[in-house]
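For reference, the structure is listed below as structure tokens.
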């Protein structure tokens, strides 16, 4: 997960590894928690990230994500997002670049005007092929 | 007496005999080995020799007794054999040698059996040099000699002063690895930065308004040298140079303006990015907000990409590019370098059947991610098997859409399989397979994943069965070993509907370097590069989504991208960054370097777009695309559009013809308000109201004249950065007139301020040492002057008298010299 933006502590990662080593195969707890209509709004890597943070007991961990809304959000919708701890960095039409606590993902994804949430991904420069 | 016909026959016979003699035949044979200019050089015809000398480099050196012709010799056998005739072999590369040949033995050496052909050394044209003229930019800039629209302008480098469109009043935005702010390619001739803002997202500091991280520098801070941002990679500086460098930087006695970017007078706003897509979206927002506040159109260059996502325009990141495109707002993105990288595979799975795809993993990989997409109507199962089948996940059966993620720690590394429910944006299914060196190292070798069209009970699993899968090349170097498909290798965000995706073609294969001639054996001049990613973009299965069901041309066009010489960031790598020998990438001037990639072709289009927007700021992103479809095509491009070239080769001189004219309002610098001109002895001090909160302001010029109507001459040698200036050396008693102008980036000067006048006064005598008074000036005119005159006259006398009393110092009696 090195190229997903997060700040999991080393102890947390070790804890996760320990938990996984103890249980050789594991399935997503987060996926089981979220109803399908919420899952369909979340990208798979975000689901995995939530699962990790759930297992680590770090629901307040902030995540950097791109949120797509049905249309450009109005002030009420912005307030609603902010009430869930969402910090909006930028707005490009219907796309918001935000950070928010992991625990708020489900509530935000459940908002009618939110269509999809995707975890930040790292890109690569295209020189020196 | 012989008649005339006999004489004529004898002459012809003699001449033919001479021509057919072995010596003449040998000489003629030798001459055919020489290039035309070298043949002219030994012709004996004065006019031809003089013409040849303009093209031939004659090398002189103390050890040479005569001028030596600098040549390239194609040879067989031992090239050193020619040294018996006074030549000196300098270097040998294959069967070509660089040889200095004495003019007197040139023909003899050409006759040597080891010599196949001799050509004079030819001076290479400097290069952005080739790529920028090839893209048609010179013909848009124009000069007095080659006015805008002149096709001749595109045949050679075109240094300033330019008379046409150079991208002024357009913002070129760069989201990249930053920029070398000290590089002269990004300063104007006043030495002021053309970079209006820099936002460094990678450090903490003064956050830009509305954002919560990073450090922002304004132009004033950049000009003051207090901005700490640095490009420690070099990629961003190189990209910036192609899009908007002005070619001013040089060194080692090389002339300036050899490497001029596409829009050499555009304004720059730079984001030094983390390369996370969220931050890139922030960077785009930042640049567009700044440009909007300045009432300027903008084009943003994204020489970056990824293959993790749907490749169909529906990811949030791709959608952000569409949102960021509009009137006066254009996004240009690199198509990618993956045409030959084996990072895309495709195939079909039959209902009830299985398909197995292999991928190779090198040792030492830490994180490998495969992203597979297939139509939402299908239900395809997946399992993963390691090399030698040591580890197979899941142990029994397959994972299907909607199953929970499978995370397995094995002796082959951690294996994760994600099979989420249908993607809400495009209606398709996604499968993610990720290998990480958690718990154990990822096993090197050929892994496989198997797709099955079985296991859906009475319902058919597959009705379509087509799939596409990409390796995320950001995190790993894994490649597919079968089912390889070079198509659909245009990466994101270039796959966004509104983004202009740019492929790369070759415009040169050799260049001067600080270590001899650099050469590239990969490219063919005029042809697409081997790495330029290919279209089309993927289409989705969600019939109700017009974005991903539409067929969108990708890439849109191609631009020069192989061996491009552009700005070199100080302190960054100079070796191993081009296709030549590792130490042949840096130009002899030490300020420019050769890189290649669609990272380099993209800023050619970005700069071209800046020229289009400078011509018409009201163009929409779609209109810019349509204009850029006017390309050059040839036997390499074939019929266009196609998935390799898009519409063809960038030709901004053609594109600009049809875009109308509505230049950006931009800014026309207004002059400062002059408050006063106060006279003093032989001087006058001019004061004005300082201009504040102007991002463009570079400073002021002060002009003087003895006539109200001018002509005015500049009084300051350096730009005035304060709000007053004292003009000295004036003639007392003569009325002077003064005007002030304001200087803005880039090289813009306002009209004159209102005139102010002052008449310098007669200075007090500065000759206190001699006690001399210049009586010609007619005495003092202000009430304090008598005191100064008295002091000038008597102070030396008083001092000397005091000294003589105290020291008995009588070697010099200055008082005697007072007239």
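Residue numbers (my numbering), protein chains in the order written: chain D, 1 to 129; chain W, 1 to 819. A virtual CB, placed ideally from N, CA and C, is assigned to each residue, including glycine. No experiment lies behind these values; they were computed from the predicted model shown.
Candidates the options, of which the one nearest residue i by Cα
i	options	result
residue 298 of chain W	W/221, W/663, W/161	W/663
residue 287 of chain W	W/458, W/452, W/171	W/171
residue 71 of chain W	W/84, W/103, W/81, W/64	W/103
residue 395 of chain W	W/450, W/521, W/446, W/364	W/450
residue 763 of chain W	W/679, W/703, W/670, W/699	W/679
residue 544 of chain W	W/349, W/348, W/281, W/426	W/426
residue 415 of chain W	W/401, W/438, W/397, W/402	W/438
residue 61 of chain D	D/74, D/91, D/46	D/46
residue 120 of chain D	W/322, W/217, W/215, W/306	W/306
residue 430 of chain W	W/408, W/505, W/469	W/469
residue 354 of chain W	W/254, W/204, W/462	W/462
residue 483 of chain W	W/448, W/319, W/715	W/448
residue 361 of chain W	W/445, W/343, W/434, W/331	W/445
residue 573 of chain W	W/558, W/617, W/590	W/590
residue 281 of chain W	W/238, W/325, W/220	W/325
First through last residue of the alpha helix (DSSP H) which encompasses residue i
i	result
residue 52 of chain D	44-56
residue 186 of chain W	From DSSP, residue 186 of chain W is part of no alpha helix (DSSP H); its letter is neither H nor E.
residue 284 of chain W	277-293
residue 607 of chain W	598-615
residue 222 of chain W	219-224
residue 627 of chain W	621-628
Residue span of the beta strand (DSSP E) that contains residue i, given as start and end
i	result
residue 406 of chain W	406-410
residue 141 of chain W	Segment 138-141 is the alpha helix (DSSP H) holding residue 141 of chain W; no beta strand (DSSP E) there.
residue 242 of chain W	Run containing residue 242 of chain W: none in the beta strand (DSSP E); it sits in the alpha helix (DSSP H), 235-244.
residue 321 of chain W	That residue, residue 321 of chain W, is in no beta strand (DSSP E); its alpha helix (DSSP H) goes 316-323.
residue 414 of chain W	413-418
Residue i at chain D interface by Cβ criterion, 8 Å
i	result
residue 425 of chain W	yes
residue 592 of chain W	no
residue 203 of chain W	no
residue 127 of chain W	Bear in mind that a pLDDT of 39 at residue 127 of chain W, under 50, signals an unreliable position, so the model cannot answer this.
residue 430 of chain W	yes
residue 596 of chain W	yes
residue 285 of chain W	yes
Three-state secondary structure assigned by DSSP to residue i
i	result
residue 85 of chain W	helix
residue 41 of chain D	coil
residue 258 of chain W	coil
residue 91 of chain D	strand
residue 556 of chain W	coil
residue 107 of chain W	helix
residue 437 of chain W	coil
residue 586 of chain W	strand
residue 112 of chain D	coil
residue 344 of chain W	strand
residue 715 of chain W	coil
residue 133 of chain W	helix
residue 760 of chain W	coil
CB contact below 8 Å: residue i versus chain W
i	result
residue 48 of chain D	yes
residue 127 of chain D	yes
residue 103 of chain D	no
residue 123 of chain D	yes
residue 120 of chain D	yes
residue 57 of chain D	no
residue 79 of chain D	no
residue 73 of chain D	no
residue 110 of chain D	no
residue 130 of chain D	Given a span of 1 to 129 for chain D in the structure shown, any question on residue 130 of chain D remains unanswerable.
residue 39 of chain D	yes
residue 62 of chain D	no
residue 36 of chain D	yes
Cross-strand partners of residue i (DSSP beta bridge)
i	result
residue 174 of chain W	W/270, W/301
residue 562 of chain W	W/506
residue 125 of chain D	W/304
residue 383 of chain W	W/450
residue 97 of chain D	D/66, D/90
Under 7 Å from the C-beta of residue i: neighbouring residues of chain A
i	result
residue 277 of chain W	Of the protein chains in the structure, D and W, none is chain A.
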